[in-house]
Each structure stands twice: as structure tokens, then as C-alpha cells.
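Counting from 66, one number per residue, gives the positions in the sequence shown under this note's numbering.
For every residue, glycine included, the Cβ atom is placed at its ideal position computed from N, Cα and C.
A quick write-up on the structure given underneath.
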Amino acid sequence: MLAEVINHRTDIHPSIEELLPLSAQGNLVPIYRELPADLDTPVSVYLKLAGHGASFLLESVEGGEQIGRYSFIGVEPSALLTFNGRAVTRRVNGSATTFDLPNGNDPLHVLQAELARFKPVVLPGLPRFVGGLVGYLGYDVVRFFEPKLDVDGEASTNALPESIFMLADTLVAFDHARGRLLIIANVHLSGDPYAAYAEAVTRLDRLAERLSAPLPSLVTRHSPSSEPLTSNFTQPQFEEIVRQAKEHIAAGDIFQVVLSQRLSRRTSAQPFDIYRALRRLNPSPYMFFFDFGSVNNQPYHVIGASPEMLVRLEGRTATVRPIAGTRRRGPHPAEDVALEQELLADPKERAEHLMLVDLGRNDIGRVAEYGTVSVPDLFVVERYSHVMHIVSQVEGKVRDGMTAFDLLRATFPAGTVSGAPKVRAMEIIRDLEGLKRGLYAGAVGYFSYDGAMDTCIAIRTLLMHGDCVSIQAGAGIVADSDPASEYQETMNKAKALAVAIEMAEK
Numbered sequence: 066m067l068a069e070v071i072n073h074r075t076d077i078h079p080s081i082e083e084l085l086p087l088s089a090q091g092n093l094v095p096i097y098r099e100l101p102a103d104l105d106t107p108v109s110v111y112l113k114l115a116g117h118g119a120s121f122l123l124e125s126v127e128g129g130e131q132i133g134r135y136s137f138i139g140v141e142p143s144a145l146l147t148f149n150g151r152a153v154t155r156r157v158n159g160s161a162t163t164f165d166l167p168n169g170n171d172p173l174h175v176l177q178a179e180l181a182r183f184k185p186v187v188l189p190g191l192p193r194f195v196g197g198l199v200g201y202l203g204y205d206v207v208r209f210f211e212p213k214l215d216v217d218g219e220a221s222t223n224a225l226p227e228s229i230f231m232l233a234d235t236l237v238a239f240d241h242a243r244g245r246l247l248i249i250a251n252v253h254l255s256g257d258p259y260a261a262y263a264e265a266v267t268r269l270d271r272l273a274e275r276l277s278a279p280l281p282s283l284v285t286r287h288s289p290s291s292e293p294l295t296s297n298f299t300q301p302q303f304e305e306i307v308r309q310a311k312e313h314i315a316a317g318d319i320f321q322v323v324l325s326q327r328l329s330r331r332t333s334a335q336p337f338d339i340y341r342a343l344r345r346l347n348p349s350p351y352m353f354f355f356d357f358g359s360v361n362n363q364p365y366h367v368i369g370a371s372p373e374m375l376v377r378l379e380g381r382t383a384t385v386r387p388i389a390g391t392r393r394r395g396p397h398p399a400e401d402v403a404l405e406q407e408l409l410a411d412p413k414e415r416a417e418h419l420m421l422v423d424l425g426r427n428d429i430g431r432v433a434e435y436g437t438v439s440v441p442d443l444f445v446v447e448r449y450s451h452v453m454h455i456v457s458q459v460e461g462k463v464r465d466g467m468t469a470f471d472l473l474r475a476t477f478p479a480g481t482v483s484g485a486p487k488v489r490a491m492e493i494i495r496d497l498e499g500l501k502r503g504l505y506a507g508a509v510g511y512f513s514y515d516g517a518m519d520t521c522i523a524i525r526t527l528l529m530h531g532d533c534v535s536i537q538a539g540a541g542i543v544a545d546s547d548p549a550s551e552y553q554e555t556m557n558k559a560k561a562l563a564v565a566i567e568m569a570e571k
């Protein structure tokens with residue numbers, strides 16, 4: 066009876082007959098249904114599907130101006146992995162198992178082991194991401210990769226997870242180019258293939274039913290807050306650590322270091338309203354909204370619009386795109402061009418950018434085949450809604466035997482949020498900032514079943530735990546930095562997020 070039912074589903078691809086031979090190639094096969102999307106947006110799709118446990122929305126506006134081909138909406142993850150120091154918690158179907166990282170292991174070893182159970186079959190015509198691990202890796206995880214940064218005795222500074230990832234088995238890809246939705250579910254072929262196929266079909270149908278329903282009513286609180294953002298530094302305190310950083314530069318310890326401050330307040334806004342405001346204010350290559358469910362009895366959300374890739378792996382090609390050098394957008398095209406020329410002619414901006422390009426080349430070189438590291442784009446200006454940046458692209462071919470996890474270890478964290486030389490800069494950050502960074506300057510993105518990876522730097526990112534929101538923003542300190550100007554730069558970078566909160570409250 067089961068075989069008869071699924072044999073007659075012509076709206077699902079591949080069919081059960083097409084899937085059975087694929088089992089010889091692997092133990093995980095994506096199946097999908099296609100629906101029209103001409104009346105939907107990624108936001109409306111997310112609102113129809115969310116509310117049933119942890120979920121995410123990933124969107125992209127390439128170069129700040131062109132919408133990416135796909136947006137991804139994930140719901141009902143099959144597992145949730147949470148990391149705090151050496152403690153790891155794995156949640157499946159409401160039950161949790163906690164264990165400690167073995168000596169010599171880091172959180173990426175756990176993520177790699179999670180995906181190693183699967184041998185995916187890659188089907189043509191599907192998006193670049195059809196499932197895998199999605200979430201974030203906090204900045205402070207770097208202490209597992211760099212012995213000088215002290216693993217032992219380090220504990221989380223707050224109640225929030227240091228890192229957290231969902232295992233996304235069921236998702237919707239919003240195809241902007243073809244105006245369609247692809248509902249994707251992965252079939253696990255470890256047992257009866259007919260039963261596994263039927264179970265995946267049930268997941269597809271459940272999401273299709275939700276997508277056919279009317280958009281739920283939005284509950285928005287109209288109660289603006291007069292509560293200001295408060296920092297972990299006063300302005301004089303921040304200016305003092307800038308002066309101390311300049312002393313390290315003068316002494317030859319480092320060339321550059323990024324110092325940050327954390328701003329927090331309470332809000333009456335709904336988390337997704339903040340995301341909707343942010344995507345209007347600051348369209349970016351990496352826009353994301355995560356609902357991680359309850360953490361310490363409070364809902365936990367991560368909201369961001371990052372302009373900067375951390376590292377990507379597609380096939381064997383590794384890519385980083387350092388961003389350094391900024392000017393405001395002009396009110397008309399002629400002034401835009403003048404500001405771009407001024408930016409590209411600024412020797413300080415060029416020197417700082419080139420230093421970070423060299424750092425990117427060195428990072429990729431740690432895992433790339435000799436002679437394959439190149440810089441196909443150097444000193445390219447990309448325009449965003451309010452600013453323009455100098456961007457370069459560094460690529461290399463990853464050596465045989467190296468994985469996405471090895472690549473992330475080699476490039477994490479980005480030089481644009483730490484400094485150069487990187488390890489010494491991070492030691493100085495630890496000493497001067499005096500507070501663990503948490504997610505700020507870490508990585509947000511995915512590791513796919515097929516070995517690909519796409520991550521951005523966790524900047525222009527907001528954490529919301531219960532009704533408390535926190536923002537962190539930094540400034541690159543060099544030899545001739547002015548402490549007051551660097552303080553103001555951090556406040557300017559936090560402004561888009563602060564405005565998004567205010568918009569969501571109105």
C-alpha cells in the first residue's frame with residue numbers, strides 16, 4: 066500500500082523509482098516539490114513556516130544592490146548542537162545529551178563528525194545548499210585553534226551559547242530568478258527506502274500545506290522605548306584602550322588591531338520586525354534571521370546583515386573577500402564617483418586594505434595547493450545603501466584531504482575584525498577589551514552535506530535574548546588613529562542596528 070501511494074506522486078522529484086538506484090551512490094538523497102512563488106516573498110514564506118521550533122532565514126543582496134539567486138528558509142531541524150566552552154549539548158526530538166569535548170578536539174570536530182554520517186547524492190539542478198549544518202561559531206572558539214590564546218579555564222561570560230548549529234534536513238529554497246519555491250527534504254537510506262521516502266514526502270507535504278495557508282496575522286507592539294543603549298565602555302575608557310593599542314603598534318608588536326564595544330538595552334520590538342527593518346535599512350550579501358528556540362527559559366534570536374564573507378568553499382575553490390576602506394554614499398551619481406576616486410586614492414586606506422589582502426593570502430595558503438593562491442579582484446569598490454567599501458577577492462585550490470573545517474580553522478577569525486599579525490592582535494584584544502566577544506567577529510553560515518561551506522563575518526549583527534538586545538561594533542586601530550574618531554566609528558557602525566530596533570518598536 067505504501068509503495069502504491071508514493072508511486073503515484075508525480076509532483077515529487079526524484080520519484081521512488083528514480084531514487085532506488087541512487088542508493089548505490091550514497092545514503093542521503095534530496096527530494097523536492099516545486100511551487101509557484103509569484104505571490105510570495107522570502108519574508109512571507111518564513112512567516113508561514115516558522116513557529117514550530119527552531120528555524121532560520123538566509124537572504125542575499127550581492128554587492129548591496131543585486132538580489133542573490135536563492136533565499137533559504139529552514140524549519141524543524143533534526144538536531145540542535147550547542148557549545149559552551151568544552152560542553153556540547155545535542156538535542157534531538159526534545160531530548161538532550163551533554164558531553165565534553167575530548168582533549169585535542171574543538172567544536173568543528175563535533176560538527177565534522179555530525180556530517181560524516183552522511184554520504185550525500187548530489188542531484189543536478191538543485192540549489193547550492195540542500196541541507197546540512199546552519200548556525201554560528203563564536204569568536205572565542207579561536208582559543209581552540211591557537212595555543213597562545215589559552216583554552217583551559219575559559220568559560221562563557223553570559224548565558225548565551227558560544228556556538229550553536231541546526232542540522233537542517235528540511236528547507237525551502239526561494240528561487241528569485243525563476244519565481245518558484247523548492248521544498249526540499251532529505252531521504253535517509255539507512256533502512257527501508259520506501260518508508261524513508263514516504264517519511265520525507267510527509268515532511269514536504271506538511272510544509273506545502275502551511276505555504277498554501279493565508280499569511281498569519283502579525284502581532285506588532287507599538288511602544289517605542291526611551292531606554293538608551295548602554296556600553297561596556299565609557300567614551301574615555303574606550304579612547305584609553307585605543308591609546309594603549311597605539312603603544313603596541315609603536316613598539317612593533319602589531320601593525321593594526323580591531324577594538325570593539327558592546328551596546329545593550331531592552332526593547333518591546335518583536336525579533337522578526339527588527340529583521341524586516343534591518344533588511345530595508347541595510348541590504349547586504351549576508352542577511353540572516355535565526356530563531357534558536359528557548360535558551361535558559363528565554364527565546365533566543367540572532368539577526369544580522371553582514372557585508373563581508375569570512376570564507377567560502379565550493380568544490381575545491383576557497384574564497385575570502387576582505388573589506389577595508391569605507392566612504393559614505395553620495396546623494397547623486399557624480400558625488401558617488403568623486404567619493405570612490407577619493408577612497409581609492411587614499412594611501413592609508415590602500416595600505417590597510419593591502420595588508421588584509423596579504424593576510425587573506427597567507428590564511429588560504431595554509432590549506433591550498435602550492436602556487437594556486439591568486440587575487441582575481443583587487444581594490445574593487447562595492448556600493449551599499451549608505452556606504453561604499455574597497456573589496457578584494459582571494460582564491461586558492463584546497464589541497465586533497467583538506468575539508469571545509471580545515472579551511473575555517475585556517476582563516477578564522479578574519480583579519481578585518483582582529484588585526485595583523487593576527488595572533489598577537491588577538492592577545493591584545495583579549496587584554497584590552499576585557500570581555501569575551503561571543504558571536505561578534507565570529508562566523509555565521511552553513512556547512513552543507515556535500516562538503517561546501519559559506520560563512521560571513523558576524524558584524525552588523527544583533528543578539529536578542531528575551532527582551533534584551535545587544536550589538537557589538539569595532540574600529541581598526543593603526544599608528545595614526547585618533548581615539549575620539551575611532552570611538553565615533555564604532556558608534557556609527559552600530560547605528561543601522563540601533564535604528565532598526567527603533568523602527569521595529571514604532
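Taking the alpha helix (DSSP H) that residue i falls in, what are its first and last residues?
i      : result
LEU114 : 107 to 114
GLY425 : 412 to 430
ARG275 : 258 to 277
ILE138 : Looking at the DSSP string, ILE138 is not in any alpha helix (DSSP H); the run it does join, the beta strand (DSSP E), is 135 to 140.
ASP471 : 469 to 476
THR555 : 548 to 570
TYR340 : 336 to 346
PHE194 : Segment: none, PHE194 is in no alpha helix (DSSP H) and carries neither H nor E.
Which residue's Cα is closest to the Cα of residue i: the options?
i      : options                        : result
ASP411 : GLU312, GLU570, PHE183, PHE444 : PHE444
MET352 : ALA544, THR147, LEU527, GLN537 : LEU527
LYS560 : LEU114, LEU343, ALA383         : LEU343
TYR135 : PRO350, ALA523, MET453, SER450 : PRO350
ARG431 : GLY531, TYR204, LEU472         : LEU472
LEU180 : ARG495, ALA475, ALA469         : ALA469
LEU254 : ALA238, PRO86, HIS241          : PRO86
PRO548 : PRO364, VAL459, THR299, ASN347 : THR299
ALA416 : PRO293, VAL564, GLN321         : GLN321
ASP496 : LEU272, LEU225, VAL323, LEU122 : VAL323
GLN302 : GLU292, PRO279, ARG327, ASN362 : ARG327
GLU264 : GLN363, GLY196, ILE81, VAL187  : ILE81
PRO281 : SER450, GLU305, VAL108         : VAL108
ALA370 : GLU400, PHE164, ARG345, ASP442 : ARG345
ASP171 : PRO192, GLU227, SER143, VAL402 : GLU227
ALA273 : TYR340, ILE249, ALA261         : ILE249
GLN406 : ARG193, ARG156, GLU447         : GLU447
GLY196 : LEU247, TYR435, GLY118         : LEU247
Compute every distance between the C-beta of residue i and the non-hydrogen atoms of the ligand MN, then say whether any falls below 8 Å.
i      : result
ALA102 : The ligand MN is absent from the structure shown, which contains no ligand whatsoever.
Which residues in the same chain as residue i place their Cβ atom closer than 6 Å to its Cβ, once the five residues preceding and following it in sequence are excluded?
i      : result
ASN557 : none
MET568 : ALA342
LEU421 : PRO387, ALA389, GLY480, THR481
GLU379 : ALA517
ARG331 : GLU292, ASP532, CYS533
Got a sec? Which residues, its chain only, sit under 8 Å from residue i by beta carbon, not counting five neighbours each side?
i      : result
VAL175 : LEU146, PHE148, VAL153, LEU166
ASP217 : In this prediction, ASP217 has a pLDDT of 46, which is less than 50 and means its spatial position is unreliable; nothing more can be read from the coordinates.
GLY133 : GLU124, SER125, VAL126, GLU127, HIS241, PRO350
VAL459 : THR384, VAL385, ARG386, PRO387, VAL422, GLY425, ARG426, ILE429, VAL438, SER439, VAL440
Give every residue of the same chain whose Cβ lies closer than 7 Å to the Cβ of residue i, excluding the five residues on either side of it in the sequence, and list them in chain order.
i      : result
VAL488 : GLU211, LYS213
LEU173 : PHE470, LEU473, ARG474
ASP215 : ARG208
PHE183 : ASN92, LEU93, TYR514
GLU551 : VAL307, ALA540, ILE542
LYS462 : ARG381, THR382, ALA433, GLU434, THR437
Under DSSP, the beta strand (DSSP E) around residue i begins and ends at which residues?
i      : result
ARG393 : 388 to 393
LYS462 : 452 to 462
ARG155 : 152 to 157
ALA508 : 508 to 513
VAL237 : 235 to 240
Across which residues does DSSP place residue i in a beta bridge pair?
i      : result
LEU100 : LEU246
ASN634 : What is shown of the chain runs 66 to 571, which leaves residue 634 out entirely.
TYR351 : SER371
ARG448 : MET453
GLN300 : Per DSSP, none; premise fails for GLN300.
GLN537 : ARG327
HIS78  : TYR97
PRO185 : LEU93
GLN321 : ALA485
VAL385 : VAL459
Report yes or no: is there a C-beta of chain C within less than 9 Å of the C-beta of residue i?
i      : result
PRO226 : Within the model displayed, chain C is absent; a lone protein chain is all it includes.
- Query: Contact between the stretch 89 to 100 and the stretch 111 to 126: three or more CB pairs below 8 Å?
  - Reply: A contact between stretches requires three or more CB pairs, one per stretch, nearer than 8 Å, and the stretch 89 to 100 fails this requirement with the stretch 111 to 126.
- Message: Does the structure place the stretch 237 to 247 close enough to the stretch 521 to 539 that three or more beta carbon pairs sit under 8 Å?
- Response: no
- Assess, as a yes-or-no matter, whether the stretch 516 to 534 is touched by the stretch 309 to 319 under the definition of 3 or more beta carbon pairs within less than 8 Å. Touching, no.
- Message: Would the stretch 118 to 126 count as touching the stretch 254 to 266 if we require 3 or more Cβ pairs under 8 Å?
- Response: no
- Item | Meets three-Cβ-pair contact criterion under 8 Å: the stretch 184 to 203 and the stretch 504 to 514 | yes
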